[in-house]
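In this note's numbering, the protein residues as written are 768 to 1143.
From the three backbone atoms N, C-alpha and C, an ideal C-beta is built for every residue, glycine too.
Take a look at the structure below.
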């Protein structure tokens, strides 16, 4: 019933269009037990469409957000001949995949199973193969993805998605929703998740300095006292650590960074622990995530995309958006507020996407992030 309603809202304009047609379909978690039926119906009703999609924690459609409620979003677009291929697990190690990825200007939209093996390694490999093209997407629910049949079927624990050839022009930006605290530092010593020193100084002391905590107070060794300082410092609310490899280009905002959680502090070694760890030589900056920073950063990426379109004389035909499940109304204060900002700054575009358990951009896995991509 819900799928039929979604199809009826699409109209019949696509019936008369030549191939290839790409269809993206996202169904929210309450439809998990019916997802295979949804796929079968779409394939039967619109056999001329290549389908890709997944069951997701929540979805985006135009300016509406649907989380923890039954919903289906469908986006159909016409693309140049030979420029698109929906794929699943069987495709990734095939000869055809290698040939397509070797095409300069290729890009990938990925729907990643949360239990996919060696996800970071796979993402890095795909990103290197597709460079300098885009690799974007997100981590979906483990309840099935599209395609589902034949050689291209998406298998369990897989990365499925869509390959785009160079004929498809995509513009993409990443928003972390953060504002910097203090200046950029360099990781001078680290081990695993522990950053021991920044700019050749104890990392904990540097962090407290950037938070504006008095020298006498931050020199204490009592862990409870230091935790109270961290809890009570206004600048520490929403505290995160942005890390970027030394060879990544500097950009406005945190586009080159991976934003990590602060996991803990060591009063004795004066180290800090961050999610995902760090590498010696990484650029590091303490930052905070809050509603004001999230709004400002989302407006920034929309402005950059709009300026890119204006400079090239091109027009966006549609948009794809992946946002963290912890963003949306949790961060922006109201259902639909995040998507409304996109619409206000980019105009009315056909938009579909999903809320993810992790966001993929630049071939890396992120958290608390939004990835906005325009079809031009």
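Rounded Cβ spacing between residue 843 and residue 816 (contact assumed at less than 8 Å): The Cβ separation is near 6 Å, so the contact holds.
For residue 1068, is the classification buried or exposed, using 16 other Cβ atoms within 10 angstroms of its Cβ as the cut-off for buried? Classification for residue 1068: buried.
Top-ranked residue by Cα proximity to residue 1058, from 1082, 1095, 940 and 1072: The shortest Cα separation from residue 1058 among 1082, 1095, 940 and 1072 belongs to 1095.
Supposed contact pair residue 937 and residue 901 - C-beta distance, whole angstroms, cut 8 Å: About 5 Å separates the two Cβ atoms, so the contact holds.
Secondary structure at residue 972, three-state DSSP: helix, strand or coil? In the structure shown, residue 972 sits in a helix (DSSP, three-state: H, G or I).
Around the C-beta of residue 1055, are 16 or more other C-beta atoms found within 10 angstroms, so that it is buried, or is it exposed? When all chains shown are included, residue 1055 counts as buried.
Segments of 4+ residues assigned as alpha helix (DSSP H) that fall wholly inside the region 879 to 908: 886 to 897, all fully within the region 879 to 908.
Sufficient close CB pairs (3 or more, under 8 Å) joining the region 998 to 1006 to the region 966 to 980: In short, these stretches touch, since the Cβ pair count reaches three.
Identify, in the order they occur along the chain, each residue of the same chain with its Cβ nearer than 8 Å to the Cβ of residue 837, setting aside the five sequence neighbours on each side. Close CB contacts of residue 837 within its chain, under the 8 Å cut and outside five residues either way in sequence, are with 769, 795, 797 and 798 (chain order).
Quick one: what's got a C-beta closer than 6 Å to residue 721's C-beta in the same chain, skipping five residues either side? Nothing can be reported for residue 721: it is not among the residues displayed for the chain, which extend from 768 to 1143.
Identified DSSP bridge partners for residue 1028: DSSP lists 1007 as the bridge partner or partners of residue 1028.
Residue 1111 burial status per 10 Å Cβ neighbour count (16 or more: buried): With fewer than 16 other Cβ atoms within 10 Å, it is exposed.
Going by the beta-carbon positions, is the gap between residue 1053 and residue 930 smaller than 8 Å? The answer is no: Cβ separation not under 8 Å.
Rounded to a whole number of angstroms, what is the C-alpha to C-alpha distance between residue 848 and residue 886? The alpha-carbon separation between residue 848 and residue 886 amounts to approximately 31 Å.
Find the nearest neighbour of residue 1222 within the set 1121, 1018, 1138 and 1128, judged by alpha-carbon distance. No statement about residue 1222 is possible, as the shown extent of the chain runs from 768 to 1143 and does not include it.
Within this structure, are the beta carbons of residue 1130 and residue 890 separated by less than 8 Å? Contact: yes.
With distances taken from CA atoms, which of 1086, 873 and 1066 is nearest residue 1019? Minimum Cα-Cα distance from residue 1019 among the listed residues 1086, 873 and 1066 corresponds to 1066.
With respect to the alpha helix (DSSP H) encompassing residue 1126, which residues constitute its N-terminal and C-terminal limits? Segment 1126 to 1128 is the beta strand (DSSP E) holding residue 1126; no alpha helix (DSSP H) there.
If you count every other CB in all the chains shown that lies within 10 Å of the CB of residue 1017, and 16 or more means buried, which is it? Classification of residue 1017: exposed, given that the 10 Å Cβ count is below 16.
Considering only C-alpha positions, which residue in the set 1042, 966, 909 and 995 is nearest to residue 821? With distances taken between Cα atoms, residue 821 lies closest to 909.
Quick check on the DSSP output: the beta strand (DSSP E) that includes residue 759 runs from which residue to which? This structure cannot settle anything about residue 759, because the visible part of the chain is limited to 768 through 1143.
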